[in-house]
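In what follows, a single structure is set out as structure tokens and then discussed.
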Amino acid sequence: MSVKLRGKGVITGIAIAKVLLIGQDFEKYMDLYTPENVESEISKIEKAFAAVADDLAENVKTLKSKGMTEQAGIMEAHRTMVQDPMFKNNAIAKVGEVKSAPRAVLLASEETAAIFENMADEYFRERAVDIRDVGKRVVSRILGLKGPDIGNDPIILCGHEIEPSVIANIPTEQIAGVILGQGSTTCHAVIIAKARAIPTVVGLEKSIDEIKNGDEVIVNGETGEIFVNPTEELMESFEKLIDEQNKLKQHYAELTSLPAETTDGHRVMLVANISTHLDVEAAVTDFGAEGVGLFRSEFLFMGKDEPPDEETQFGAYRDAVEKCNGKLCVIRTMDIGGDKPLPYLNIPKEENPFLGWRALRICLARRDIFMPQVKAILRAGVYGKAAMMLPMVIRLSEIDKVKQIIGEAKTMLKQEDKVFSDNVQLGIMVETPAAAVMTPIFAKHVDFFSIGTNDLIQYTLAVDRVNSNVSYLYDPFNPGVLALIKRTIDSANEHKIWAGMCGEMASDPYAAVILMAMGITELSMSAPSIPRVKELIRSVSMVEAKEAMNKVMSMEHAADIKEYLQGKFSKRNNL
Ligand code: PEP
Ligand code: MG
Numbered sequence: 003m004s005v006k007l008r009g010k011g012v013i014t015g016i017a018i019a020k021v022l023l024i025g026q027d028f029e030k031y032m033d034l035y036t037p038e039n040v041e042s043e044i045s046k047i048e049k050a051f052a053a054v055a056d057d058l059a060e061n062v063k064t065l066k067s068k069g070m071t072e073q074a075g076i077m078e079a080h081r082t083m084v085q086d087p088m089f090k091n092n093a094i095a096k097v098g099e100v101k102s103a104p105r106a107v108l109l110a111s112e113e114t115a116a117i118f119e120n121m122a123d124e125y126f127r128e129r130a131v132d133i134r135d136v137g138k139r140v141v142s143r144i145l146g147l148k149g150p151d152i153g154n155d156p157i158i159l160c161g162h163e164i165e166p167s168v169i170a171n172i173p174t175e176q177i178a179g180v181i182l183g184q185g186s187t188t189c190h191a192v193i194i195a196k197a198r199a200i201p202t203v204v205g206l207e208k209s210i211d212e213i214k215n216g217d218e219v220i221v222n223g224e225t226g227e228i229f230v231n232p233t234e235e236l237m238e239s240f241e242k243l244i245d246e247q248n249k250l251k252q253h254y255a256e257l258t259s260l261p262a263e264t265t266d267g268h269r270v271m272l273v274a275n276i277s278t279h280l281d282v283e284a285a286v287t288d289f290g291a292e293g294v295g296l297f298r299s300e301f302l303f304m305g306k307d308e309p310p311d312e313e314t315q316f317g318a319y320r321d322a323v324e325k326c327n328g329k330l331c332v333i334r335t336m337d338i339g340g341d342k343p344l345p346y347l348n349i350p351k352e353e354n355p356f357l358g359w360r361a362l363r364i365c366l367a368r369r370d371i372f373m374p375q376v377k378a379i380l381r382a383g384v385y386g387k388a389a390m391m392l393p394m395v396i397r398l399s400e401i402d403k404v405k406q407i408i409g410e411a412k413t414m415l416k417q418e419d420k421v422f423s424d425n426v427q428l429g430i431m432v433e434t435p436a437a438a439v440m441t442p443i444f445a446k447h448v449d450f451f452s453i454g455t456n457d458l459i460q461y462t463l464a465v466d467r468v469n470s471n472v473s474y475l476y477d478p479f480n481p482g483v484l485a486l487i488k489r490t491i492d493s494a495n496e497h498k499i500w501a502g503m504c505g506e507m508a509s510d511p512y513a514a515v516i517l518m519a520m521g522i523t524e525l526s527m528s529a530p531s532i533p534r535v536k537e538l539i540r541s542v543s544m545v546e547a548k549e550a551m552n553k554v555m556s557m558e559h560a561a562d563i564k565e566y567l568q569g570k571f572s573k574r575n576n577l
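Spelled out as structure tokens, the structure:
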């Protein structure tokens, strides 16, 4: 019987295929397992940890050679987890208690996962899945179990949680879609699916139990709809949509090497937002990113017990800068705090963390953390074109202090005989109303602005960006927000510096046209969004865009603005 379920569509696209349920039923195998004496069980644990570390190293190599850099990065993190002596020793210590090597490993991984799961920060909570994944890999090794049987046809992966190692090791062309019971959009399975543009629906919760192994399923990553064992008619209508989707993909691929240029020759740079240096390659080659507009460096600081040292950061920044092939790579200094706390920073509990001790405020108070980052960015600048970008700026003295620190960093680097670049641009994120209002002042002191609409909208409209109760008010087209954006771009142009945007608004094709007409020079977004934006830009003239911008700026309601833009541009190409 055909069943319709609904979750949250997080990666657009339609997929039709048979379901492969993911998730090993270890209990069944555990019951069949006969433990030996304590020494033998301990030796099995030692061997399994070493073998899994070797397997993961091999995995990383293979994934890298296939250009699957994001997955390689995640598997590398798993290798670090399995090599953590605390994890293995904890498992060994449990053998006396549970008498069985696989049970001891499961217990140890569960214990560590539970610690992560209880952390306030969503990012850390989600790392529990990775710990369990690594634990299960070791257990599978001891039990002699193999991975899921994929077969030859593409499948839809379905599970309450899907282990990153499972999805990372299945070739892209084998995965038609992903269905997750849990609702997070930032877990690693979703991050991997996003990098591969695989249609994905999350948050099915209990209703996921209605999907059985081998069921034929339609996944609509746009609407979040899932049809289990659909009727013939439904299949036919969705097959047509898939044909259109494939044509669109082909069409987008043809756009990769073309510039984002209007019909009358005005160009905008379309660049990528990345969270690790491993993202750069795919962004440039698969989606035509002309550099990086936002490297969220804080991810280098997360999931660890201490901050990364200068060398570690230098390695990551240098790689990203080099892979930009002479195009600009904008590295944002650590933006921790708000919804991204770091346990080792001991940030005291705050009533309003988004208004609290975060980002540049921490960096200026903790030179021990900031100085290695500044030095690493200056050194990376030697390997291409780099920029340093400061988050959460609200007053000029912050910029002055950073300049002083940059001066000190250069003196230290000279003393240490390390080469560095004198041409690293310094810019700020305009993501607070104060910064936007003060752009005529700031423009005299920095090389560029990048508008961080994710925060600018929340601070301007007093709407918490992660509170779903008020999400209906969170609107980039609110005239108040548009006025601050225009002011920022005008200030940049008047002072002959460049202005870009790295908030999510940049990936909205309609917004992109208006921003371009305002005089923005760069739009930075998640790489798979680039073709859609490029498509619309290539179909309009600057004259037309300016006309639309003037009209939009004279309108009084966000709803009218959106309706107008839709009416004017939605018939273009594939929007
Ligand atoms: C922003 O605020 O728009 C931004 C790009 O930064 P983040 O989303 O990391 O706060
Ligand atoms: Mg921000």
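Just add 2 to the spot in the sequence shown (first one is 1) and you have the working numbering.
C-beta atoms are modelled at their ideal positions from N, C-alpha and C, and glycine is treated no differently.
Predicted, not measured: the structure shown is a model, and the values here were computed from it.
Practice problem: Compute every distance between the C-beta of Gly358 and the non-hydrogen atoms of ligand 2, then say whether any falls below 6 Å. | Solution: For Gly358, the shortest C-beta to heavy atom distance toward ligand 2 is 6 Å or greater.
Quiz item: Thinking C-alpha only, which one of Tyr346, Gly383 and Ile338 is nearest Ala361?
Solution: Among Tyr346, Gly383 and Ile338, the Cα nearest to that of Ala361 belongs to Ile338.
In whole angstroms, give me the CA-to-CA distance for Glu524 and Ala262. Glu524 and Ala262: Cα-Cα distance of roughly 10 Å.
Would Val384 and Ser423 qualify as a contact pair, given that the criterion is a beta-carbon distance under 7 Å? Contact: yes.
(request) Indicate the three-state DSSP secondary structure (helix, strand or coil) for Glu163 in the structure shown. (result) The three-state reading of DSSP puts Glu163 in coil, since its state is none of H, G, I, E or B.
- request: Answer with buried or exposed for Lys488, where buried requires no fewer than 16 other C-beta atoms within 10 angstroms of its C-beta.
  value: Lys488 is buried by the Cβ-count criterion.
Q) How do the stretch 64-71 and the stretch 112-127 stand: do at least 3 beta-carbon pairs fall below 8 Å, yes or no? A) Judged by Cβ distances under 8 Å, the stretch 64-71 makes no contact with the stretch 112-127, as fewer than three pairs qualify.
_Just list the residues that DSSP pairs Val203 with in beta bridges._
Its beta-bridge partners are Gly11 and Ile181.
- Straight-line CA distance for Arg139 to Pro166? For Arg139 and Pro166, the distance between alpha carbons rounds to 11 Å.
Review point. Which residues mark the beginning and the end of the beta strand (DSSP E) in which Arg334 is found?
Key: Where Arg334 is concerned, the enclosing beta strand (DSSP E) starts and stops at Leu330 to Arg334.
Pick out every residue whose C-beta is nearer than 6 Å to a heavy atom of ligand 1: which are they, in chain order? After applying the 6 Å Cβ criterion, the set is Leu296, Arg298, Asp337, Glu433, Gly454, Thr455, Asn456, Asp457, Cys504 and Gly505.
Determine, using beta-carbon pairs with one atom in the stretch 530-541 and one in the stretch 265-274, whether at least three such pairs fall under 8 Å.
Because the criterion of three Cβ pairs below 8 Å is met, the stretch 530-541 and the stretch 265-274 touch.
Return helix, strand or coil for Arg105, following the three-state DSSP convention.
DSSP places Arg105 in helix when its eight states are reduced to three.
Item to complete: Would you mind reading off the limits of the alpha helix (DSSP H) that contains Gly409?
Response: According to the DSSP assignment, Gly409 belongs to the alpha helix (DSSP H) that extends over Leu398 to Gln417.
Exercise for the section: Return the residue from the list Ala464, Glu546 and Gly15 that minimises the CA-CA distance to Thr434. Expected result: For Thr434, the nearest C-alpha among the options comes from Ala464.
*Between Ile210 and Ala19, which are expected to be in contact by the criterion C-beta below 8 Å, what is the C-beta distance as a whole number of angstroms?*
Between Ala19 and Ile210 the Cβ distance is about 16 Å, and since that is not below 8 Å, they are no contact.
Check: On the three-state DSSP scale, how would you describe Ser493?
Finding: Helix.
Measuring straight from C-alpha to C-alpha, what distance separates Ala501 and Ala116? Rounded to whole angstroms, Ala501 to Ala116 spans 44 Å at the Cα level.
Q: Please name the residue, chosen from Asn348, Ile364 and Gly340, that lies closest to Asn354 on a Cα-to-Cα basis.
A: Comparing Cα positions, the closest option is Gly340.
query = Where do the ends of the alpha helix (DSSP H) carrying Asn248 lie?
reply = It spans Glu234 to Leu257 - the alpha helix (DSSP H) in which Asn248 sits, taken as one unbroken run.
* With DSSP run on the structure shown, which of helix, strand or coil describes Asn471? -> Taken through DSSP and simplified to helix, strand or coil, Asn471 comes out as helix.
For Ala389: DSSP bridge partner residues = Bridge pairing for Ala389: Val332 and Gln427 [DSSP].
Note to self: For Ala378, tell me which candidate among Arg397, Arg574, Ala411 and Leu567 has the shortest Cα-Cα distance.
What the structure shows: Among Arg397, Arg574, Ala411 and Leu567, the Cα nearest to that of Ala378 is on Ala411.
Select from Pro530, Ala547 and Thr455 the residue whose C-alpha is nearest the C-alpha of Leu257. Checking every option, the nearest Cα to that of Leu257 belongs to Pro530.
Item to check | Residues sharing a beta bridge with Phe450, DSSP | outcome: Looking at the DSSP assignment, Phe450 forms a beta bridge with Gly429 and Trp500.
**Request:** Using the Cα positions of Thr64 and Leu145, report the straight-line distance between them to the nearest angstrom.
**Result:** Those two C-alpha atoms are separated by around 25 Å.
Gly216 to Asn154 span [Cα, whole Å]: C-alpha separation (whole angstroms): 14 Å.
Review point. Cβ of Thr490 within 7 Å of Cβ of Gly223?
Key: Contact flag unset, no.
What residue does the alpha helix (DSSP H) around Gly546 start on, and which one ends it? For the sequence presented, residue 546 should be read as Glu rather than Gly. In the DSSP assignment, Glu546 falls within the alpha helix (DSSP H) that extends over Met544 to Met555.
- Task: Starting from Lys6, follow its DSSP beta bridges and name the residues at the other end.
- Result: According to DSSP, which records beta bridges pairwise, Lys6 is partnered with Phe229.
Task: For Ala438 and Ser277, the rounded distance between their alpha carbons - done: If I take the Cα positions, the gap works out to 25 Å.
Check: Which term fits Asp321, buried or exposed, when burial requires 16 or more other beta carbons within 10 angstroms of its beta carbon?
Finding: Result: buried.
message = On the DSSP bridge list, what partners appear for Pro141?
response = Just to set this straight, residue 141 is Val in the shown sequence, not Pro. Paired residues: none, contrary to the question.
Point to revise | Per-residue burial, Val545 [other beta carbons within 10 Å of its own, 16 or more giving buried] | key: Counting the other CB atoms within 10 Å of its CB gives Val545 a total below 16, which places it among the exposed residues.
Q) With 16 as the cutoff for other CB atoms within 10 Å, does Asn275 come out buried or exposed? A) In the assembly as shown, Asn275 is a buried residue. Its beta-carbon has 16 or more other beta-carbons within 10 Å.
**Item:** Rounded straight-line distance, which links the Cα of Gly386 to that of Ile499
**Value:** Computed Cα separation, rounded: 20 Å.
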